[in-house]
Amino acid sequence: MYRSIKKLDPLLSSQIAAGEVIERPASVVKELVENSIDAGAGRISIDILDGGMKLIRVCDDGTGMSHEDALLSLERFATSKIGSMNDFESIETLGFRGEALPSIASCSKLSLETKINRSETGICLRVEGGELIDATEKGLPPGTTFTVRDLFFNTPARFKFMKSRGTERNAVIETVERLSLAWPNISFTLTSQGRVALHTSGNGLKDALANIFGPETADSMVEISSKHEGLEIAGFAGLPRVYRRSRDRQLFSVNQRPIKNPALGWALDHAYAGLLPPKSYAVAFIEITLEPGRIDINVHPTKSEIRFGNEAEVKRAVTQSVRDALARAGYLSKPGRNPRAEGGGTPATYVLSKYASQSIYPGRQVDKKPSERQPSSLFDTRHETGTGLLSDGVEPPCEWHCLGTLQDVYLVAKTPDSLLIIDQHALAESLAYQSLCQGESSSQELLIPEIIQLEPREAILYKEHEDGLESVGFSVRPIGTRTVLVTKVPLILGQALPADSLKQVLLAAYESSGPDMPLERAVAQAQIATAACHASVKGKQPLRKQEALALIQSLWANPAARTCPHGRPTVYVLPYDEIDRFFGR
1 MYRSIKKLDP LLSSQIAAGE VIERPASVVK ELVENSIDAG AGRISIDILD GGMKLIRVCD
61 DGTGMSHEDA LLSLERFATS KIGSMNDFES IETLGFRGEA LPSIASCSKL SLETKINRSE
121 TGICLRVEGG ELIDATEKGL PPGTTFTVRD LFFNTPARFK FMKSRGTERN AVIETVERLS
181 LAWPNISFTL TSQGRVALHT SGNGLKDALA NIFGPETADS MVEISSKHEG LEIAGFAGLP
241 RVYRRSRDRQ LFSVNQRPIK NPALGWALDH AYAGLLPPKS YAVAFIEITL EPGRIDINVH
301 PTKSEIRFGN EAEVKRAVTQ SVRDALARAG YLSKPGRNPR AEGGGTPATY VLSKYASQSI
361 YPGRQVDKKP SERQPSSLFD TRHETGTGLL SDGVEPPCEW HCLGTLQDVY LVAKTPDSLL
421 IIDQHALAES LAYQSLCQGE SSSQELLIPE IIQLEPREAI LYKEHEDGLE SVGFSVRPIG
481 TRTVLVTKVP LILGQALPAD SLKQVLLAAY ESSGPDMPLE RAVAQAQIAT AACHASVKGK
541 QPLRKQEALA LIQSLWANPA ARTCPHGRPT VYVLPYDEID RFFGR
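In this note's numbering, the protein residues as written are 1 to 585.
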């Protein structure tokens, strides 16, 4: 059926445009906080309810707006930051399009209170669904306060696809963390449901890192400061021992604009090459400063992505700067050394120092020969008690044989019809997980209680899961806003979990909880998965022949162990007929 083209009415057009800029509550927080920063604020407070879906309030002590500017700010493409196309090459503000406020106003109930210093009174505007409801003068302190209620109340299709309140809250926390690190001389305070989730003092980047990551992490970071042909690289990089299993603590900022750029993450990986375990990522905050004309910030509606004029140059500068910092800390050889020229085979400019090789992996005995290492307690404890890795009364089939190991990571075995390559850590973890699910664990009092500093997101998760933690073996009590005292930990397969595994359990519980799994059950499952990982055989841990054989026999006896608690396979099966086909037999 033919339909004629028609022009959309302004309200519908603004709601469609809002979808490009305002994706979720965190988008609203980002735009409003950026406005506060552009207004020269020294203190910014953010309050949210229900992850920002019910309420978002951003208050600052910036310059404020006049009555006329306040009214004009709600019009699309009204801005004080650019006046012509030439201004795009010298943008130094976070916002510039004039789309954010009208986009927010079109899909929420917005109130704006603002006052400039030279004015005796301020103005209060109320907008619902893009329509101005009221405008009144009132006495106000200098600065601006935005209050956003009932986000997406008039766009039910957008509202329906919002994530859980916890997910949206965590996205807001991440947004404020990034902005507070990019602007460390501004004091930020974020409260959720009336509780302080994050606070920075505004006393510089090192203090901001301590406020957000915790003082222990901040003290385990080295400063970055270097210049490379018009580029300035600054910030802090974590020592190899504080690595993470995800990139959630790799933060980048360009001209104090927080961005996400995979290429910068790869540059950071290259700087830490050889210093971290596989599938691990460094902790770092890196600020890149360059002329505004060398980047394009108008490539994404939310301005979260940018395009570099010479990306390869920026990547090289980041890698070199981080390597310089690690070299000063003793983790790499002196810059400028060329191992290949000295007869070595490594082409990199930097090589691992002796100090680094002994301290990258805390607790690992890198100086002992395999024959001198103590056997894993996973085997010794269970064999001594008579339970073993195999079910009682089950005789292993003689057709399964251990052929050897590969790089102390994989076991190679043969069966009557296939060749098996087994990930020893993943399999041991899966077996430990099954034992824990059957309740083979208890708790242990700590001789000396440990104080744990929680990150903002972890502190909120602790409040939500406090009762569930007690039921799985942790005894924890708060002694500060984001500080807890751990007095008891779960005892798994004869080993006590480290006190800071509490953090892993909290994050894992959050990721696994949902409408089909109660919080207490999610905490229990997270504790089991975390404990299994701590209690199991590690990769690069040499096994004695009888230990390797016990793992292989356990795989035969427990088919469910073919997948580890994290969902990774534990064994790769290569049938003999597939090998025959490969060789044309």
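A virtual CB, placed ideally from N, CA and C, is assigned to each residue, including glycine.
Quick check: the Cα distance between residue i and residue j, rounded to an integer number of angstroms?
{"i": "L506", "j": "G51", "result": "18 Å"}
{"i": "E75", "j": "E168", "result": "28 Å"}
{"i": "A428", "j": "L555", "result": "9 Å"}
{"i": "T563", "j": "I552", "result": "14 Å"}
{"i": "R24", "j": "T155", "result": "12 Å"}
{"i": "T136", "j": "L125", "result": "7 Å"}
{"i": "D38", "j": "D500", "result": "39 Å"}
{"i": "C398", "j": "G468", "result": "Annotation note: pLDDT 49 at C398 (below 50); position unreliable, no value reported."}
{"i": "Y572", "j": "E232", "result": "47 Å"}
{"i": "A282", "j": "Q250", "result": "7 Å"}
{"i": "A157", "j": "C107", "result": "12 Å"}
{"i": "I133", "j": "L71", "result": "12 Å"}
{"i": "L209", "j": "S103", "result": "33 Å"}
{"i": "R247", "j": "R457", "result": "16 Å"}
{"i": "G234", "j": "I306", "result": "Residue identity differs from the one stated: residue 234 is Ala in this sequence, not Gly. Looking at the two C-alpha atoms, the distance is approximately 19 Å."}
{"i": "C402", "j": "P559", "result": "18 Å"}
{"i": "H228", "j": "I295", "result": "16 Å"}
{"i": "T289", "j": "Q256", "result": "8 Å"}
{"i": "R165", "j": "I22", "result": "17 Å"}
{"i": "G473", "j": "Q320", "result": "45 Å"}
{"i": "R178", "j": "E578", "result": "51 Å"}
{"i": "L574", "j": "P416", "result": "12 Å"}
{"i": "N586", "j": "L94", "result": "Within the shown structure, residues of the chain are numbered from 1 to 585, placing residue 586 beyond reach of any answer."}
{"i": "L389", "j": "F583", "result": "For L389, the predicted structure reports a pLDDT of 41, less than 50, and the residue's modelled location is therefore unreliable. A value from the coordinates is still provided. In a straight line, the C-alpha of L389 is about 37 Å away from that of F583."}
{"i": "K369", "j": "E547", "result": "Residue placement at K369 is flagged as unreliable, the pLDDT there being 37, under the threshold of 50; a coordinate-derived value is accordingly withheld."}
{"i": "A105", "j": "F153", "result": "11 Å"}
{"i": "A348", "j": "H270", "result": "Its pLDDT being 40, under 50, A348 is placed unreliably in this model, and the coordinates cannot settle the point."}
For residue i, which residues of its own chain have a beta-carbon under 8 Å away from its beta-carbon, when the five flanking residues on both sides are left out?
{"i": "L406", "result": "V412, I421"}
{"i": "I259", "result": "F252, S253, S304, E305, I306"}
For the beta strand (DSSP E) that residue i lies in, which residues bound it at each end?
{"i": "I286", "result": "284-289"}
{"i": "I259", "result": "257-259"}
{"i": "F252", "result": "250-254"}
{"i": "D467", "result": "Element bounds for D467: not the beta strand (DSSP E) but the alpha helix (DSSP H), 456-471."}
{"i": "I422", "result": "418-423"}
{"i": "K414", "result": "410-414"}
{"i": "I123", "result": "122-128"}
{"i": "T145", "result": "143-149"}
{"i": "L101", "result": "Not the beta strand (DSSP E): L101 falls in the alpha helix (DSSP H), residues 100-106."}
{"i": "R195", "result": "195-199"}
{"i": "I133", "result": "131-138"}
Using DSSP bridges, identify the partner residues of residue i.
{"i": "G235", "result": "I224, I286"}
{"i": "S45", "result": "C59, T189"}
{"i": "E445", "result": "K488"}
{"i": "P478", "result": "V484"}
{"i": "R244", "result": "Y281"}
{"i": "I451", "result": "L485"}
{"i": "V573", "result": "L420"}
{"i": "K315", "result": "For K315, which the question treats as bridged, DSSP gives no partner whatsoever."}
{"i": "D296", "result": "R307"}
{"i": "S111", "result": "R126, T147"}
Please return the same chain residues whose Cβ sits closer than 7 Å to the Cβ of residue i, not counting the five positions on each side in sequence.
{"i": "A263", "result": "E311, K315"}
{"i": "R581", "result": "none"}
{"i": "L32", "result": "V58, F146"}
{"i": "L268", "result": "Q250, A282, A284, V318, V322"}
{"i": "E223", "result": "F236, A325"}
Given residue i, which residues of its chain have a CB within under 6 Å of its CB, disregarding the five upstream and five downstream residues?
{"i": "R482", "result": "L454, A459"}
{"i": "S225", "result": "A234"}
{"i": "D516", "result": "In this prediction, D516 has a pLDDT of 45, which is less than 50 and means its spatial position is unreliable; nothing more can be read from the coordinates."}
{"i": "L140", "result": "E113, K115, G122"}
{"i": "E464", "result": "none"}
{"i": "L49", "result": "L55"}
Starting from residue i, trace the alpha helix (DSSP H) in both directions and tell me its first and last residue.
{"i": "T180", "result": "Residue 180 is actually Ser in this sequence, not Thr. Where S180 is concerned, the enclosing alpha helix (DSSP H) stretches over 165-182."}
{"i": "K30", "result": "25-38"}
- Taking contact to mean at least 3 C-beta pairs separated by less than 8 Å, is the segment 177-190 in contact with the segment 198-208? Taking 8 Å as the limit for Cβ pairs, the verdict is that the segment 198-208 does touch the segment 177-190.
- Message: Does the segment 166-176 come into contact with the segment 234-242, if we say contact requires no fewer than three beta-carbon pairs (one atom in each stretch) closer than 8 Å?
- Response: The answer is no - the segment 234-242 does not touch the segment 166-176, with fewer than three Cβ pairs under 8 Å.
- Message: For the pair the segment 56-69 and the segment 106-119, tell me if three or more CB-CB distances fall below 8 Å.
- Response: Contact between the segment 56-69 and the segment 106-119 is present, with at least three C-beta pairs closer than 8 Å.
- Counting Cβ pairs closer than 8 Å, one from the segment 452-461 and one from the segment 214-231, do we hit at least three? Yes: at least three Cβ pairs fall under 8 Å.
- Query: Touch check for the segment 118-133 and the segment 35-54: three-plus C-beta pairs under 8 Å?
  - Reply: As far as the Cβ criterion goes, the segment 118-133 does not touch the segment 35-54, which means the pair count is below three.
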